[in-house]
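Accompanying notes for the structure given below.
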Amino acid sequence: VTYTLAEIAARVGGTVRGDAGRRVAGIRPLDQAGPDDLSFLGHPRYRRAAADSRAAGIIAAGADLPSGRNAIVVDDPYVALAAAMELFHPAERAAPGVSPQAIVGEGTRLGQGVSLGPLVVVGRRCVLSDRSVLMPGVVLGDDVAVGADSVLHPGVVVYARSILGARVTVHAGSVIGSDGFGYAGAGTESRAKIPQVGNVVIEDDVEIGACVTVDRATFGSTVVGRGTKIDNLVQVAHNVVIGEGSILVAQSGIAGSTRLGRGVILAGQSGAAGHLTLGDRAVVGAKSAVLQDLQPGAFVLGSPAVDHRAWKREQASLRRLPDLLRRVARLERALAGLASGTGVRTVKPRTAARRSRSGGAGRGGRRAG
Amino acid sequence: VTYTLAEIAARVGGTVRGDAGRRVAGIRPLDQAGPDDLSFLGHPRYRRAAADSRAAGIIAAGADLPSGRNAIVVDDPYVALAAAMELFHPAERAAPGVSPQAIVGEGTRLGQGVSLGPLVVVGRRCVLSDRSVLMPGVVLGDDVAVGADSVLHPGVVVYARSILGARVTVHAGSVIGSDGFGYAGAGTESRAKIPQVGNVVIEDDVEIGACVTVDRATFGSTVVGRGTKIDNLVQVAHNVVIGEGSILVAQSGIAGSTRLGRGVILAGQSGAAGHLTLGDRAVVGAKSAVLQDLQPGAFVLGSPAVDHRAWKREQASLRRLPDLLRRVARLERALAGLASGTGVRTVKPRTAARRSRSGGAGRGGRRAG
Amino acid sequence: VTYTLAEIAARVGGTVRGDAGRRVAGIRPLDQAGPDDLSFLGHPRYRRAAADSRAAGIIAAGADLPSGRNAIVVDDPYVALAAAMELFHPAERAAPGVSPQAIVGEGTRLGQGVSLGPLVVVGRRCVLSDRSVLMPGVVLGDDVAVGADSVLHPGVVVYARSILGARVTVHAGSVIGSDGFGYAGAGTESRAKIPQVGNVVIEDDVEIGACVTVDRATFGSTVVGRGTKIDNLVQVAHNVVIGEGSILVAQSGIAGSTRLGRGVILAGQSGAAGHLTLGDRAVVGAKSAVLQDLQPGAFVLGSPAVDHRAWKREQASLRRLPDLLRRVARLERALAGLASGTGVRTVKPRTAARRSRSGGAGRGGRRAG
């Protein structure tokens, strides 16, 4: 299958500069594209690579256009890339139909074009809407709902009463609706499990990565808001509510009852403590730990997380701390000399001293470590 | 099903204040409870919510009783809640029996009332005790023992020779008994796998979350002590020994051969290095990393983890470090002036200076970042 | 089965000191070994345990030999241990053959001696080489290749077009080839998924732990280099390339497009940001976060990770920071007194002051926290 640049431009909402009739057969990165490929320029730092690319045409923003090249000019090259790739790589759909090796419980209703692979186990009274796909080895508990066009990859487990919306994707090995982590009693002998009688609600257009865990609520629902994207190995605890369009990067985690606004981003390996509120569009940096509420639009880093500017300032200062200890000791000696009248050591202002002492800082530091 | 407050009080070991004959049909949080619901007051900060609640009765500690309300007075509202919830939400038990689509190896013995769901695979010479439940898709290796009343959720994998006690729950996707991470040889070419010939022992009353990994021992056993509760996505390495009644919160991890005492708590995303001993009731804060032995009762924070008081002190100091750098530079200039006799800059004591310089600290900090 | 020390020495490339004809029936740690067991001394700190052990013989390096004991003298005791253990614990191989309850797609080719357990699902056009083993519940997508002598443990899921080399082991619950985490569009409403059309390549002799996720590339391949060992719950994002013989310890993660050289080590719970290059033999300490390229041989710690010496220096300094704040305040007051001529406070040099003020530091710190 090939498309002209004009056809692709129409699809992605861009305009062609150069040869609109040029045909391309695929999409590849700038350095791998051949004369039959379309490519894309996602960041100005790759302008040189764009100039050197053998691609037949390049998707790019207007400000970054390489001169003398066929191009499809767009506002956001990545959004255009996503649309163009769907032309060349339409999503493979599992064939509709119920495998003879699938097991479906009583009272479960299947919509049009549902696909149940072999070794799928569906509980009782479930509702699988049109064109939903359960790949091999998926297990659903009783009373689970899966919305239209949703896809559950192999080995996904969904506990009873969970509700998944339309166009939801869950990757292999993820677990939706397992019990929240709730026990009563402080003693090691007397811990009693608090029954977790709520459920999980995954709204429309959510994508969940591999080996993700989303716990059911103690009461009510744990909610993953519409359009939210969750990467691999993420933990979402009981009674968490995640607003629309949020992003949880790999290995991040949210403790119980914390609420995220819309468009919140948790970067990789970050975490949020329980019972917090993270405002709309708040961003938590990689490996950071949020221990208090965040205002809308906040950008925090560190563990505990603080405003990103304060964090950078502190980190820069921390690099200078070993030397600072020596400077203060020197000041103390000098001032003791002045105060006692027994003699005054020379103290150089810092700007002059910095150059001459950098080697010494290193040596002293090694002793300190 | 409904119960009177008197019936519930008898069950949870409390006393009724108000109308002991009042009937309730369910349990709900204070803000969601209706006139047919029982509710609970778990923390004094919700006293106002308790006063405003429409609940028919409230489980509460004596010191927190809302005036003029029916109440069940108890010592620990959460323990009472756990007991009361079991009245209204008795644990659902899988129907006993062996699915015709389950596969059971030679020499395996099944107790009374065992439930094997479809697509379960059990190895040879296993022992499944009375009323144990293997949900769909569970796989057990050879020579595995599962104690009475234990429940393995869908997709759990238990490697050969693992031993699980009574009333153990393992949630979906968890892996018990996979090989410990042990290799010999430093070179990239010559790494040799050290066979992991030990096993895993899970004692009675342990609950393990979803997508948890517990590795088998190199020699001997990796042990999870009685009554310990493990949250989702936790890693327990080979030869770890966890004492009774410990708590491992989500995404925490314990490296090889480390020993935890009784009632140890690892908060979310925390970790302990290998070959350590963590004393009874030691507490490791969220995202902290323990790199040395902990005394019984220790409470540590940070990475590397230090005593929680020292950590808080350091964190408070760290917030002031960028400003401290400027203060020391100022002192150096002032002292240089004094010492050289060329002029003395005014130096204000810190208490006076703090107010006047807070703006400058911010501006300077941004440059430093 | 028993072996003489001479037979074992020949197998592990060592020499016997003492009774070469002494027979042993197993291998056990020093403190557990009986008179029929071989044991091993892996570190000088266990010399005393070696002297006290009841073992019939001890594998040890020449420098650590316990006097008066039968010994097998080797260069690297752990490498020798690995080889000796294989004598006593030969890897159990699944019986060859295809279970009648396995499902194999059209066009898939099976080599000699392949073992497919029950409830295995293999897609179309796959290639399973000689003696490869798919344990119960493994699911392979279409066009997957598995090399000779590779073993996939129960519940492993491999997405379409992934390529696994020879002698690869993947433990239970791991997911190879799920979609990379790539979306376009900053707004919460407009996020578009970028199709992930690349694949995963796992080279020969790789071992992957339980519940590990390795994402497919957006374009091209995510690559895990030959001989690399990956522990449990590790995340490898799309387009990552890992060199030969690297080590990724439990719960570590690598963000998209980052490249690791040969022999790189990521310790437990550590992470590397995206689009970085980590040079050969670079070592990232536990819980550290790499935010910039690393030179070959670098050893970094912290979050953000810095050279390990600098990190230790900073940590040592940080312990002293609360006290430093008090020292600077004291200097400021003293200097203000000097400068104004209103009086001079006594300032003691630090070495003298340290002893007398340690108690005060503690009290002040608690207020600061």
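Chains as they are written, first to last, in the working numbering: chain F, 845 to 1213; chain L, 845 to 1213; chain S, 845 to 1213. Note that CB positions come from ideal geometry on N, CA and C, so glycine has one too.
Residues bridged to residue i (per DSSP)
{"i": "L1092 (chain L)", "result": "L:I1074 and L:L1110"}
{"i": "Y847 (chain L)", "result": "L:V868"}
{"i": "Q1079 (chain L)", "result": "L:T1057 and L:G1097"}
{"i": "S1022 (chain F)", "result": "F:D1059"}
{"i": "L882 (chain F)", "result": "F:I871 and F:G901"}
{"i": "Y1027 (chain L)", "result": "L:K1037"}
{"i": "R1103 (chain F)", "result": "F:V1085 and F:T1121"}
{"i": "E1051 (chain F)", "result": "F:T1013 and F:K1073"}
{"i": "I1007 (chain F)", "result": "F:A989 and F:V1045"}
{"i": "V1000 (chain S)", "result": "V1000 (chain S) pairs with nothing; no bridge assigned."}
{"i": "V995 (chain S)", "result": "S:V977 and S:T1013"}
{"i": "R806 (chain F)", "result": "No information on residue 806 (chain F) is available, as it lies outside the stretch 845 to 1213 that chain F covers here."}
{"i": "A982 (chain S)", "result": "Checking the displayed sequence, the identity of residue 982 (chain S) turns out to be Val instead of Ala. BP columns for V982 (chain S) are empty, so no partner."}
{"i": "V1067 (chain F)", "result": "F:V1045 and F:V1085"}
Neighbour-count burial assignment, residue i, 16 or more Cβ in a 10 Å radius
{"i": "G1203 (chain L)", "result": "Low confidence applies here, because G1203 (chain L) scores a pLDDT of 34, under 50, leaving its location unreliable and the question unanswered by this model."}
{"i": "T846 (chain L)", "result": "exposed"}
{"i": "P934 (chain F)", "result": "exposed"}
{"i": "P944 (chain S)", "result": "exposed"}
{"i": "S1184 (chain S)", "result": "exposed"}
{"i": "E786 (chain F)", "result": "Residue numbering for chain F in the displayed model covers 845 to 1213; residue 786 (chain F) lies beyond these limits and cannot be assessed."}
{"i": "G1089 (chain L)", "result": "buried"}
{"i": "E936 (chain L)", "result": "exposed"}
{"i": "A939 (chain F)", "result": "exposed"}
{"i": "A877 (chain S)", "result": "buried"}
{"i": "A915 (chain S)", "result": "buried"}
{"i": "D875 (chain L)", "result": "exposed"}
{"i": "H1119 (chain F)", "result": "exposed"}
{"i": "P888 (chain S)", "result": "exposed"}
{"i": "I852 (chain S)", "result": "buried"}
{"i": "A928 (chain S)", "result": "buried"}
{"i": "D1167 (chain S)", "result": "buried"}
{"i": "R1171 (chain F)", "result": "buried"}
{"i": "P980 (chain L)", "result": "buried"}
CB contact flag (residue i, residue j, <8 Å)
{"i": "V1050 (chain F)", "j": "V1058 (chain F)", "result": "no"}
{"i": "G1105 (chain F)", "j": "A1126 (chain F)", "result": "yes"}
{"i": "T1062 (chain F)", "j": "I1086 (chain F)", "result": "no"}
{"i": "L1162 (chain L)", "j": "L1145 (chain S)", "result": "no"}
{"i": "S1006 (chain L)", "j": "V995 (chain L)", "result": "no"}
{"i": "N1076 (chain L)", "j": "A1054 (chain L)", "result": "yes"}
{"i": "G1042 (chain L)", "j": "G1064 (chain L)", "result": "yes"}
{"i": "L931 (chain F)", "j": "R855 (chain F)", "result": "yes"}
{"i": "P796 (chain S)", "j": "V1001 (chain L)", "result": "Given a span of 845 to 1213 for chain S in the structure shown, any question on residue 796 (chain S) remains unanswerable."}
{"i": "V918 (chain F)", "j": "A905 (chain F)", "result": "yes"}
{"i": "G961 (chain L)", "j": "D986 (chain L)", "result": "no"}
Cβ-Cβ separation, residue j to residue i (assumed contact under 8 Å), whole Å
{"i": "A1216 (chain F)", "j": "A1081 (chain F)", "result": "Residue 1216 (chain F) is absent from the model: chain F starts at 845 and stops at 1213."}
{"i": "A899 (chain F)", "j": "L882 (chain F)", "result": "6 Å"}
{"i": "G991 (chain S)", "j": "V958 (chain S)", "result": "G991 (chain S) to V958 (chain S), Cβ: 12 Å. No contact."}
{"i": "E1176 (chain S)", "j": "L1175 (chain L)", "result": "7 Å"}
{"i": "G1141 (chain S)", "j": "G1123 (chain S)", "result": "7 Å"}
{"i": "P921 (chain L)", "j": "F884 (chain L)", "result": "5 Å"}
{"i": "S1022 (chain L)", "j": "R969 (chain L)", "result": "Contact doesn't hold; Cβ gap of about 20 Å is too wide."}
{"i": "I1020 (chain L)", "j": "V1044 (chain L)", "result": "5 Å"}
I'd like the ranges of any alpha helix (DSSP H) spanning at least 4 consecutive residues and lying wholly in the stretch 1105–1187 of chain L. Runs of the alpha helix (DSSP H) inside the stretch 1105–1187 of chain L: 1152–1184.
Where are the beta strand (DSSP E) runs, 3 residues long or more, that stay fully inside the stretch 906–978 of chain S, in chain order? Within the stretch 906–978 of chain S, the complete beta strand (DSSP E) runs of at least 3 residues are 915–918.
When you check each C-beta in the stretch 1009–1024 of chain S against every C-beta of chain A, which residues fall closer than 7 Å? Any reference to chain A falls outside this structure, whose protein chains are F, L and S.
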